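In my numbering, the protein residues as written are 5 to 200. Think of the CB as a built atom: it goes at the ideal place given N, C-alpha and C, for glycine as much as any other residue. Note that the structure is predicted; figures quoted are calculated from it, not measured. Okay, structure first, notes after.
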Amino acid sequence: MSSLVRPATRLGLQSPSIRTAAQRHLTSTSTTKSSTTSSQQVDIDDLLSKPTWSVSSLLPKSPDSAPAEVTSKQLRHLLKLSALPPPSSPSEEAKMLQTLSSQLHFVKEIQKADTAGVKPLQSLRDETAEGERAAELGLEALREALEAEEVRGKFHRRIRRKREESSGKEGAEWNVLGTAGRKTGRFFVVDGGKGA
5 MSSLVRPATR
15 LGLQSPSIRT
25 AAQRHLTSTS
35 TTKSSTTSSQ
45 QVDIDDLLSK
55 PTWSVSSLLP
65 KSPDSAPAEV
75 TSKQLRHLLK
85 LSALPPPSSP
95 SEEAKMLQTL
105 SSQLHFVKEI
115 QKADTAGVKP
125 LQSLRDETAE
135 GERAAELGLE
145 ALREALEAEE
155 VRGKFHRRIR
165 RKREESSGKE
175 GAEWNVLGTA
185 GRKTGRFFVV
195 DGGKGA
């Protein structure tokens, strides 16, 4: 597999702001790792030009080395659940089984990653403190909705939304037959029926 870490030119790190942010991050992590040495300059192009890891390390070393975890019966059941056609030949079935077992091996290798102390991702959003502050709903954001409510009742106060009064002209201004291709009087014509 050729899914290796790509150089900076392919990752889009040509932008000066991204480049400086990455340099700042790399120099800050290098200073925290070794506080005795001064911060060293890291060349991002040099760092990203050499692959450091490959996704192929998570795949089985050889196709035959992975044990058959899925039987032919299970494969046919999965295909039926997925509304996919069954394999047309034994060679196609063997290829499907091999692909499925390598995918299962990949998932198991991913599951071996140590996630102790890692907070689970709740959703795909900015989960930094600044991002959470920006996403918070405050009183200012709700002020317009709160002003559109009125309180009624003495003991059981009910909040009712004020209804926007409409003049009723919106419906009268709409021309129902305006976009009809063919019309007869006040009706539009639709082709169909037994004679069509």
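Per DSSP, the unbroken beta strand (DSSP E) holding glutamate 154 starts and ends at 153-156.
Residue environment for leucine 101: buried (at least 16 other C-beta atoms within 10 angstroms of its C-beta). A Cβ-Cβ contact shorter than 9 Å links leucine 82 with leucine 104.
Judged by DSSP in its simplified three-state form, serine 61 adopts helix. Under the three-state reduction of DSSP output, arginine 137 falls in the helix class.
When the five nearest sequence neighbours on each side are left out, the beta carbons in the same chain lying within less than 7 Å of the beta carbon of arginine 165 are those of Ala152 and Glu153, in order along the chain. Put simply, the backbone Cα of asparagine 179 is about 21 Å away from that of aspartate 195. Only residues of its own chain outside the window of five on either side were considered, and among them Leu181 and Val193 have a CB closer than 8 Å to the CB of lysine 187, listed in chain order. With fewer than three CB-CB distances shorter than 8 Å, the segment 42-58 does not count as touching the segment 89-96. For arginine 165, DSSP records a beta bridge to Glu153. Straight-line spacing of the CA atoms in arginine 161 and leucine 150 works out to 15 Å. For aspartate 50, the enclosing alpha helix (DSSP H) starts and ends at 48-53. Nearest to serine 58 by alpha-carbon distance, out of Ile114, Ala98 and Lys77, is Ile114. Rounded to the nearest whole angstrom, the CA to CA distance from threonine 132 to leucine 52 is 26 Å. In the DSSP assignment, no residue is bridged to phenylalanine 159. Contact annotation: leucine 62 and phenylalanine 110 have beta-carbon atoms nearer than 9 Å. Annotation for arginine 190: no alpha helix (DSSP H) segment contains it, and DSSP assigns it neither H nor E.
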